[in-house]
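Number of protein chains: 2
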Amino acid sequence: MDRVDRILQQWARERPELDTRSMGLLGRMKRLATHLGREVEQVLQSHGLSSSSFDVLATLRRSGAPYRMSPGDLLEMTMVSSGTMTNRIDQLEKSGLVERVINPHDRRSVLIALTDKGLGIIDEAVFAHVANQKRLTETLDDDEKAALDALLRKFLAAFE
Amino acid sequence: MDRVDRILQQWARERPELDTRSMGLLGRMKRLATHLGREVEQVLQSHGLSSSSFDVLATLRRSGAPYRMSPGDLLEMTMVSSGTMTNRIDQLEKSGLVERVINPHDRRSVLIALTDKGLGIIDEAVFAHVANQKRLTETLDDDEKAALDALLRKFLAAFE
DNA sequence: GCGATGTGTCTTGACGTCAAGATAAATCGG
DNA sequence: CCGATTTATCTTGACGTCAAGACACATCGC
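First to last, the protein sequences are chains S and A. Heads up: the first sequence runs through residues 1 to 160, numbered per UniProt numbering. Heads up: the second sequence runs through residues 1 to 160, numbered per UniProt numbering.
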């Protein structure tokens, strides 16, 4: 009997004709995602990053040397709008973690390049981040993690 | 091989020592929550609501007649800060869906009351909302939904 | 070549959110 | 009773986000 169960119970009393069978599942997913996001944010904050800026730096880092991508490619990886991406890049550029360099092959566009400072910070932050992710999933044993991952994979496939 | 798998693959190439076993699970959860949130938002928008305002109205509605709660109680149900709740109430009050009435038992506080208009809107919106939730979970069969719900319940219990 | 169309990026304006602190009223201790 | 403390709500300021559109350059068709 968790908080979500109590919500379903209230609906059953007030609007008994509602088919709330999916509501519990989606409600738990939303609450869990909120909790997890806040936990993740806290660890990144101790490295001077938000999960927004972390996403951009991590995307550049894992693309491999020379750690350069166009804003458009970054956009595609991160599920945000173009305006949001401009904001994120502006902020990272001000902090000296990335820089805009001209794209020799297409003068309409720029390339976002990780600086040495940015590379150092993301390499430290991602190490702490994966340790934190491991901690956050500790309540599930290996079989449960595998089962959950498989279900989420199937569910997610419906949207991407 | 979905988008999350590709991310893990990149990390394995660039930073093979990283233990990314939890990263896939949490990444899928985050992406899924984002997709689901956007889908939910679209349906609510067609009733003139955001998921923020829907949350408040739904919380009042399922509390039962006379559909009144203090801002503090609403806060507790919705995982947001007090400033956010004030904003939401302000906006709903401007739209005439709730009103602030004095609390006869505690003059420090107010009660947020659903108006007739608010009651009508939330009753329609929640009906469309549950139908939408049902649609969004259609890719999973009943057993899968039950298994996923059980795993999410256990996972969520670690945080609330 | 060159005008029309397409593409990549940035700007603008409106929201939603949080943290921290301000304000007002109830309650507690003596 | 009355000052001190606690509690409930709201205010402020800073961010992050999106949708829609502006702008600059590339490319296509003639």
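Cβ atoms here follow ideal geometry from the backbone N, Cα and C, with glycine treated the same way.
Distance between beta carbons of residue j and residue i, contact taken as under 8 Å
i        : j        : result
A/Phe54  : A/Ala146 : Actually they are not in contact, since the Cβ atoms of A/Phe54 and A/Ala146 sit about 26 Å apart, beyond 8 Å.
S/Leu97  : S/Leu44  : No, S/Leu97 and S/Leu44 are not in contact; Cβ-Cβ is about 13 Å, not under 8 Å.
S/Thr20  : S/Leu36  : In fact, because the Cβ distance is near 24 Å, the residues do not count as touching under 8 Å.
S/Leu156 : A/Asp2   : 7 Å
A/Leu25  : S/Leu148 : 6 Å
S/Leu111 : S/Met69  : 7 Å
S/Leu75  : A/Met29  : At roughly 22 Å, the Cβ-Cβ gap does not stay under 8 Å, so S/Leu75 and A/Met29 are not in contact.
S/Ser63  : A/Gln10  : 7 Å
A/Ala158 : S/Thr139 : 4 Å
S/Leu60  : S/Leu114 : 5 Å
A/Val40  : A/Ser51  : 6 Å
Buried/exposed call for residue i, threshold 16 Cβ in 10 Å
i        : result
S/His105 : exposed
A/Gln133 : buried
S/Arg13  : exposed
S/Ser22  : buried
S/Gly118 : buried
A/Val4   : buried
A/Arg6   : exposed
S/Ile102 : exposed
S/Gly27  : buried
S/Thr84  : exposed
A/Arg100 : exposed
Span of the alpha helix (DSSP H) around residue i
i        : result
S/Met49  : Before going further, note that residue 49 of chain S is Leu rather than Met in the sequence given. Per DSSP, S/Leu49 belongs to no alpha helix (DSSP H) and is neither H nor E.
S/Arg99  : Note that residue 99 of chain S is Glu in the sequence shown, not Arg. That residue, S/Glu99, is in no alpha helix (DSSP H); its beta strand (DSSP E) goes 98-102.
A/Arg153 : 142-157
A/Leu8   : 3-14
S/Ser82  : 82-94
S/Thr78  : 71-78
Chain S residues whose Cβ lies nearer than 9 Å to that of residue i
i        : result
A/Val126 : Trp11, Arg15, Leu18
A/Leu144 : The identity of residue 144 of chain A in the sequence shown is Glu, whereas the question assumes Leu. Within 9 Å Cβ-Cβ: Leu151, Lys154, Phe155.
Neighbouring residues, chain S, relative to residue i (Cβ below 8 Å)
i       : result
A/Val56 : Near A/Val56 there are no residues of chain S at all, since even the closest Cβ is about 14 Å away, more than 8 Å.
A/Met79 : Arg31, Thr34
Range covered by the beta strand (DSSP E) that runs through residue i
i        : result
A/Leu111 : 110-114
Proximity test, Cβ basis, 8 Å: residue i and chain S
i        : result
A/Ala88  : First, the amino acid is wrong: residue 88 of chain A is Arg here, not Ala. Closer than 8 Å: no.
A/Gly83  : no
A/Asp116 : no
A/Ile7   : yes
A/Ser63  : yes
A/Leu148 : yes
Contacts that residue i makes with chain S (C-beta to C-beta distance below 7 Å)
i        : result
A/Gln133 : Ser22, Met23, Leu26
Within chain A, partners of residue i - CB distance below 8 Å
i        : result
S/Val130 : Leu18, Asp19, Thr20, Ser22, Met23
S/His35  : Leu156, Phe159, Glu160
S/Asp2   : Arg153, Leu156, Ala157, Glu160
S/Leu140 : Leu151, Lys154, Phe155
S/Leu119 : Near S/Leu119 there are no residues of chain A at all, since even the closest Cβ is about 11 Å away, more than 8 Å.
C-beta neighbour in chain A for residue i, strict 8 Å
i        : result
S/Lys30  : yes
S/Leu75  : no
S/Leu60  : no
S/Leu97  : no
S/Leu136 : yes
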